[in-house]
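K.L.:
Chains as they are written, first to last, in the working numbering: chain B, 3 to 586; chain H, 1395 to 1471.
1) Which residues of the segment 437-461 of chain B have a Cβ closer than 9 Å to any Cβ of chain H? Give them in chain order.
2) Could you say if the segment 1455-1462 of chain H and the segment 1418-1434 of chain H meet the contact criterion of at least three C-beta pairs nearer than 8 Å?
3) Report, in whole angstroms, the separation of the C-beta atoms of residue 283 of chain B and residue 274 of chain B, which I expect to be a contact under 8 Å.
4) Would you please verify whether the beta carbon of residue 1419 of chain H is less than 9 Å from any beta carbon of chain B?
5) Between the alpha carbons of residue 108 of chain B and residue 206 of chain B, how many angstroms are there, rounded?
6) Go to residue 528 of chain B, then tell me how far its alpha helix (DSSP H) extends in each direction, as first and last residue.
7) Closer than 8 Å by C-beta to residue 224 of chain B: which residues in its own chain qualify, once you throw out the five before and the five after it? Chain order, please.
8) Look at the alpha carbon of residue 104 of chain B and the alpha carbon of residue 471 of chain B, and state the distance between them as a whole number of angstroms.
9) Go through its chain and collect everything with a Cβ distance to residue 209 of chain B's Cβ below 8 Å, but skip five positions before and after it.
10) Taking 9 Å as the CB-CB cut-off, is residue 482 of chain B touching chain H?
11) List the endpoints of the continuous beta strand (DSSP E) containing residue 145 of chain B.
12) May I ask you to verify whether the segment 326-338 of chain B touches the segment 76-87 of chain B, counting CB pairs closer than 8 Å and requiring at least 3?
13) Quick check on residue 434 of chain B: does DSSP put it in helix, strand or coil?
14) So, are the CB atoms of residue 76 of chain B and residue 96 of chain B less than 9 Å apart?
15) Of the choices B:124, B:148 and B:215, whose alpha-carbon is the least far from that of residue 197 of chain B?
16) Ordered along the chain, which non-local residues of its own chain (more than five positions away) have a Cβ less than 7 Å from that of residue 1468 of chain H?
17) Hey, does residue 587 of chain B have any beta-carbon neighbour from chain H nearer than 9 Å?
18) List, in order along the chain, the chain B residues whose C-beta lies closer than 9 Å to that of residue 1467 of chain H?
19) CA-CA distance, residue 430 of chain B and residue 406 of chain B?
20) Would you mind listing the alpha helix (DSSP H) stretches within the segment 350-382 of chain B that are 4+ residues and don't spill past its ends, in chain order?
21) Could you give the C-beta distance for residue 410 of chain B and residue 385 of chain B, rounded to a whole number, given that I count them as a contact under 8 Å?
22) Going by DSSP in three states, residue 1418 of chain H sits in which element: helix, strand or coil?
23) If we count the other Cβ atoms within 10 Å of its Cβ and call it buried at 16 or more, is residue 614 of chain B buried or exposed?
24) Can you name the residues of chain H whose CB is closer than 7 Å to the CB of residue 239 of chain B?
25) Could you tell me if residue 468 of chain B is buried or exposed, where buried requires 16 or more neighbouring beta carbons within 10 angstroms of its beta carbon?
26) Do the segment 240-255 of chain B and the segment 138-146 of chain B meet, that is, are 3 or more Cβ pairs less than 8 Å apart?
27) Specify, as a first and last residue, the run of the alpha helix (DSSP H) that residue 406 of chain B falls within.
28) Is it true that the CB of residue 18 of chain B sits closer than 9 Å to the CB of residue 92 of chain B?
29) Between the segment 41-61 of chain B and the segment 487-503 of chain B, are three or more C-beta pairs nearer than 8 Å?
30) Helix, strand or coil for residue 1462 of chain H, going by three-state DSSP, please let me know.
31) Helix, strand or coil for residue 6 of chain B? Go by DSSP, reduced to three states.
32) With which residues is residue 283 of chain B paired in a DSSP beta bridge?
33) Against chain H, with Cβ distances strictly below 9 Å, would residue 546 of chain B count as a contact?
34) If I'm right that residue 193 of chain B touches residue 173 of chain B with Cβ under 8 Å, what's the distance once you round it to whole angstroms?
35) Would you say residue 1448 of chain H faces chain B, with C-beta separation under 9 Å as the test?
36) Is residue 134 of chain B helix, strand or coil by DSSP?
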C-alpha cells in the first residue's frame, strides 16, 4: 500500500530497461527518497567510483507519501555520488515529476551506464523508451522542455542545460522550467551519461487502505496544521522574506561573506519581489504555494528564492532586482546551481579586487555579472576558470582563506559567524556545505537560542539532521514545519502499520549515519569537516554580528561534542556499537 | 506617544490584514510582549521582534517613535 512496489532500472550502455520489486526490507528501514536512494547507492556502487563515469548511478526516488493527498508531498529525491564533493549526494526537486512517476507505476528509476550518443528517456506507464536527443543537445533546459512538450504532449520533464552537458560540478537538473535539483553537480551526472532529459506521463493511481478516513484526516491536518501561522509565510512571501531576517540579524552574506549586512538589501528583499509579482505557484499537493512568479523589465522567472537573492545579490554586491532576476533566469536555463554560481562569481570578484588574480569582474558590476552564467556554463573565456567552482579556483589561483566552500560545495546564504550551529550544520552535512540537512539559523539567529555560543549546539544540529532525514525520505517539503509525531500519524494511516515518533527518530538517525558511512568509505573523516578560514579568523564589522567570528577552538569543541553524541569516534568514524545499534 | 507596528507575512491577520499600523501607545513602560498581547498575537507564532530594525527581546521596553517589526516563524530555508 502506498508504495508501487516497482523499480524501473535503465542501462544506458545496453539500452535495456527492466523492472524489479522495490526492496521492501530496505523500504521499511529507510522509507524512500533520501534514505532509500542512499541505501541502493551504498549497496550498488563500488567505493572510489568516478562520479562522472559510467559506473556511477543516478537514482530518482519517490516516497510512500508521494502522489497522495498528504500535504506538501510533491518532492522527488535524485541521488548519485557527487562530482563536486565525492560524497553521497541526494537532492530534492519540487513540482510534479515525483507524483507523475508514481502514477506511471514506479517508486524509483535507477539509471546505470552511459549512452554512446545523447538520448532522452520517455516513460509512459509501462512504455519505456530511450530516444535520440541529438536535436536537444546544446540547448538550454527551457527550450528542451518546450520541445519535449511539443513532441510528447502533456508530460513532466527533468532536463539538463549546457552546464550538465559540459560536466560542471555546479550543474543542476531542472523541471517545469524553474525548479531544480540544485546541488553537488547532479546535472553533470546526467550529462556524463549522455542523458539530456527524462519525460514521464502516468495514468494510474495509488492504493490507500481506507481512502475516506485518509481523505478526511488529510483535510483536517491541512486546515489545522499546515495552513497556520507557522507555515503561511511561505504563501504570503515565500523565501524572500528571509532577506530582512538575515539583514537584521547580521547573517546576510555580502561581498563574498566579507560582511553580514548589505546596505542595499531593500532592493532585493521580499517587498521588492512582491512589487513585481505576477502569480503564485505550487508543487503537487501543496497548499502553501511558496513560489513567486515575477516579471520585471524584459525578464521573468519563478523566483528568485532567498538563496539566489543572497548569493547572487548581496554576496555579489548586486542591489538590483532586475539584474538578479535575469541572472536567476540564465542560471535556470543553463542549469547552474545559483548557490554555487553566486559564490563562484563573488569569489572571482574578491580575487580581482584584491589583485590576486584578475577575472575581470568586481563587486556590483551588473553588466559583466550578467554575462557570467552563459560563460560559465559553456566554459567560454573567463567562464572556463569560474566553471571550476570555488575550491578548485582557490587551488589554482589562490585566495584559499576566503574560499567559501566545504568539501568542495559552496556555502549557502546564512553567515555562520552569526549562527554558530549553522557552522556545525555546514561542517557535518553529508553533501558538503548545505543548509537543508539542518537549519538552526531559524532558532538561533531568528529565535531565542544564543547564536554566539558553542553550548548545546551539537544536540540541536543532530536533532534537526535526523528529523530532516525522515522528512526527505517520506518525502515532505522542507517548508512544512511538521512534527515527527505528525509524520508518524500520517504514515500509520497511509501504510496500515503503526509508526511512532520514537521509531522515526531512529529511522532518521539510521539514514544520516548511512550517508556518513558512504562518505567514510570514500575516505572522509574529521579533516574534511572544516569551515573556511575566514569564518574562524575574520571578524564581521557591521550590524548585529559586528565584532563576531566563530573561533576555530569553539568550532572544534562543537565538532567533538557532535561526534560523541552521534556515537562516532574523535576522528568522525562511526563506532562498531553504533553501527550495530542502527543495523548498518 | 506614537509608535509604528509592522506585522510581517501571515501575522498581518492579527490587524485585519494590515501590515503597517501607526497608533497612539500611551501606556508607560510597556514591553514588546505586552504590545503583542494587545493585538492577541501568540508568541509561539513569532520568530523574533525588531525594534527600530534591531533584534530585541520580548521584555524590551517600547518608547515614543519606535518602529516594532514582528516576524513570523519560518521553516526550511
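Glycine included, each C-beta is placed from N, C-alpha and C at the ideal position.
P.N.:
According to the data block:
1) 437, 438, 441, 443, 444, 445, 447, 448, 449 and 450
2) yes
3) Between residue 274 of chain B and residue 283 of chain B the Cβ distance is about 19 Å, and since that is not below 8 Å, they are no contact.
4) no
5) 10 Å
6) Per DSSP, residue 528 of chain B belongs to no alpha helix (DSSP H) and is neither H nor E.
7) 73 and 289
8) 21 Å
9) 3 and 4
10) yes
11) Premise fails: residue 145 of chain B lies in the alpha helix (DSSP H), 143-154, not in any beta strand (DSSP E).
12) no
13) strand
14) yes
15) B:124
16) 1441
17) As shown, chain B starts at 3 and ends at 586. That puts residue 587 of chain B outside it, with no answer to give.
18) 231, 232, 233, 235, 444, 448, 449 and 483
19) 15 Å
20) 368-379
21) Their Cβ separation, rounded to whole angstroms, is 19 Å, which puts residue 410 of chain B and residue 385 of chain B out of contact at 8 Å.
22) strand
23) An answer regarding residue 614 of chain B cannot be provided, because it is not within the stretch 3 to 586 covered by chain B.
24) 1403
25) buried
26) no
27) Where residue 406 of chain B is concerned, there is no enclosing alpha helix (DSSP H), given that its DSSP letter is neither H nor E.
28) no
29) no
30) strand
31) coil
32) B:293
33) yes
34) 6 Å
35) yes
36) strand
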